Amino acid sequence: MLTFITPKKSTNKLTLQLLIASVFTLGLAACNDSNNVAEEVVAPITPAMEYSYSITLTNLTYAQPLSPVAVALHDDAKMWQVGQPASVALEKLAEGGDNADFIALTSNMAAISSEGPVPPGASVTLDISTTEPMATYLTVATMLVNTNDAFSGLTGVDISTLMLNQEKSWRLNVYDSGTELNNEALGTIPGPADGGVGYDATRNDIDLIGYHSGVVSKDDGLSSSVLTQDHRFDNPAVKLTITRTK
Amino acid sequence: MKVIKQSPIKSAFTVLALAFASSTTMAQELSITVTNLTQGLHFTPVITAAHASDNHLFMAGEMASVELQTMAEGGDISGLANMLTNADANLNENPAMGLLAPTMSASFNLTNDSANTHLSLAAMILPSNDGFVGLDSWKIPEEAGTYTVFLNAYDAGTEANDEIRGSGAPGEAGMPVPPPLDASIGMNGTGVTDIESNNKVHIHRGSLGDDNMTAGKSDINNSVQRWLNPVAKLTITVQ
Chain A
1 MLTFITPKKS TNKLTLQLLI ASVFTLGLAA CNDSNNVAEE VVAPITPAME
51 YSYSITLTNL TYAQPLSPVA VALHDDAKMW QVGQPASVAL EKLAEGGDNA
101 DFIALTSNMA AISSEGPVPP GASVTLDIST TEPMATYLTV ATMLVNTNDA
151 FSGLTGVDIS TLMLNQEKSW RLNVYDSGTE LNNEALGTIP GPADGGVGYD
201 ATRNDIDLIG YHSGVVSKDD GLSSSVLTQD HRFDNPAVKL TITRTK
Chain B
1001 MKVIKQSPIK SAFTVLALAF ASSTTMAQEL SITVTNLTQG LHFTPVITAA
1051 HASDNHLFMA GEMASVELQT MAEGGDISGL ANMLTNADAN LNENPAMGLL
1101 APTMSASFNL TNDSANTHLS LAAMILPSND GFVGLDSWKI PEEAGTYTVF
1151 LNAYDAGTEA NDEIRGSGAP GEAGMPVPPP LDASIGMNGT GVTDIESNNK
1201 VHIHRGSLGD DNMTAGKSDI NNSVQRWLNP VAKLTITVQ
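Order-wise, the sequence lines are chains A and B. Residues 1 to 246, numbered by my numbering, are exactly what the first sequence covers, in order. Residues 1001 to 1239, numbered by my numbering, are exactly what the second sequence covers, in order.
See the structure below:
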């Protein structure tokens, strides 16, 4: 309870608030002690504690740039599930790499995006903070842009047990949002392999999220494909590491 | 072995410790969900069993039993069920009441006897010649909790992967095509290969497929019915 008394930057407004709160709590506790009345339990005052996380994502693919990475903290919920249809916000991310709606979801208690795409072999680190005590579930999502509607990420992962400076890593598989046929056709892929249309409201696939079956490419027998053997990928496609920094 | 003389009190503790140890090997209540992660494969009736540690439905690098071959080529789990029953395993058969469709899940409960400490699962994947999703003898944790296991697709090594319509009977060429899959599978394929040179159970190399529903080498649709591992997720809650 008293760990935040350790003097830090005294100019920090939050620290000052915490100090005041803790002194207040101490006072009450002392009162209680002197009264020596066991049944009078004073509810502890919990100051607005800030939690911060550093999230590093590495693109493990050969030639699939990843769209700007969306990172969100929220209550206990999943933003997608195998066997369920994708939300429109997820469809826009998975078909077009546009995470604006996904970031703006009202269920998000904190959300950020990387500034740009993450090229193959590259990593990006994002820092996210919250004072919301319920924001203990993590979602990360990004599109493999040289595909029709492939995305990678994880959702609704409980991070409440992370200790300060503790790190946790995942190797992530690739999902298919199920909202667009994997025809790999000219004009349907937003990435540099095609420069085609991203999001299209029409849902012409099974409309259920599942794991992606991989890029076929014209080199391996899909005549409608603008993709080459370069664009094939396998699981896992992404490495993700989270560290609690505060 | 080192022999240590114990005081009476210490011995009492030892007896207690033994009592606790044995309690962890009592029957367990398991809640299991199997999820077909793919968007283009069906699973034939799934068989799941808790069995003794030295039993196996299959082992990678070993030849398939006739019972496994029958399941992997045609989806018939009755032979595996008999084998498991004779080995005093605890079984669950066909929790999806038929095919487990793409992205769908099936849930069931399984009570395992104290000797049945390991879990295995098998189901044929369609369309394929002798592909199956499998779990080989996974040690069931003693500690209560929820565990997730991802499963890969194997090839039984018993039939050439010609990828064309044919038979589900063991030893007969071609892929079985049950009515729900009929419309999604091509026809008139000339056959991808007629050789199966690795006759041991191995990780499936995946289907080749093609983009021609009425001709070509394969009757498998290459942009829908291929897969990447893992193909299934098993969620096991130990009560």
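Here a beta-carbon is modelled for each residue, glycine too, at the ideal position from N, C-alpha and C. Since this is a predicted model, take the numbers as computed values, not measurements.
Where leucine 240/A is concerned, the enclosing beta strand (DSSP E) starts and stops at 238 to 244. Within a 10 Å sphere around the beta-carbon of proline 1179/B sit fewer than 16 other beta-carbons, which makes this residue exposed. From the listed residues Val197/A, Ala63/A, Ser152/A and Asp219/A, the smallest Cα separation to isoleucine 209/A is found for Ser152/A. Judged by DSSP secondary structure, serine 1184/B falls outside any beta strand (DSSP E); it is assigned neither H nor E. Excluding five sequence positions before and after alanine 63/A, the CB atoms of its chain that fall closer than 7 Å to its own CB belong to Pro120, Asn146, Asp230 and His231, given in chain order. Taking 3 residues as the shortest admissible run, the stretch 124 to 203 of chain A contains the following complete beta strand (DSSP E) segments, listed from N- to C-terminal end: 137 to 143, 150 to 158, 167 to 172 and 174 to 176. The beta carbon of glycine 187/A sits closer than 8 Å to the beta carbons of Asp194, Gly196 and Val197 from its chain, once the five residues preceding and following it are set aside; these are given in chain order.
Contact annotation, isoleucine 206/A with glycine 178/A: C-beta distance approximately 5 Å; criterion of less than 8 Å satisfied. In this structure arginine 1165/B is in contact with isoleucine 1185/B, their Cβ atoms being roughly 7 Å apart against a cut-off of 8 Å.
Taking the Cα of leucine 164/A as reference, the smallest distance to any Cα among Asp98/A, Ile242/A, Val238/A and Val69/A is reached at Ile242/A. Any Cβ of chain A closer than 9 Å to the Cβ of asparagine 1112/B would place that residue at the interface, and such an atom is absent. Here DSSP, grouped into helix, strand and coil, assigns glycine 210/A to strand. Under the Cβ criterion of 9 Å, histidine 231/A is not counted among the residues facing chain B.
Inter-residue distance for alanine 185/A and asparagine 148/A is about 8 Å (C-alpha atoms, whole angstroms).
Histidine 74/A is a Cβ neighbour of threonine 139/A, given a cutoff of 9 Å. Taken through DSSP and simplified to helix, strand or coil, glutamine 229/A comes out as helix. If you ignore the 5 residues before and after aspartate 1113/B, its C-beta comes within less than 8 Å of the C-beta of Ala1027, Ala1050, Asp1088 and Asn1090, all in its own chain and listed in chain order. Among the residues of chain B, those whose CB is under 8 Å from the CB of isoleucine 209/A are Thr1103, following chain order.
When rounded, the separation of the alpha-carbon atoms in aspartate 98/A and glutamate 115/A is 12 Å.
With contact defined as three or more Cβ pairs closer than 8 Å, the stretch 1030 to 1047 of chain B and the stretch 1229 to 1238 of chain B are in contact. For valine 1192/B and lysine 1217/B, the gap between their C-alpha atoms comes out near 5 Å. Against chain A, a Cβ distance below 8 Å from asparagine 1222/B picks out Val216, Asp220, Gly221 and Leu222. For isoleucine 103/A, the uninterrupted alpha helix (DSSP H) run begins and ends at 100 to 103, by DSSP. Contact with chain B is absent for serine 160/A, since none of that chain's Cβ atoms lies less than 9 Å from the residue's Cβ. Looking at the backbone, the Cα of lysine 1200/B and that of isoleucine 189/A are separated by about 40 Å.
The Cβ-Cβ distance between glutamate 1073/B and alanine 1153/B does not fall below 9 Å. Each residue's CA atom was taken as its position, placing valine 1066/B and alanine 100/A some 55 Å apart.
Beta bridge pairing from DSSP links glutamine 1028/B with Asn1112/B. Per DSSP, the continuous alpha helix (DSSP H) segment holding threonine 1070/B begins and ends at 1066 to 1074. The alpha-carbon separation between phenylalanine 1108/B and aspartate 1130/B amounts to approximately 26 Å. Lysine 218/A sits in a helix when the DSSP states are folded into three classes.
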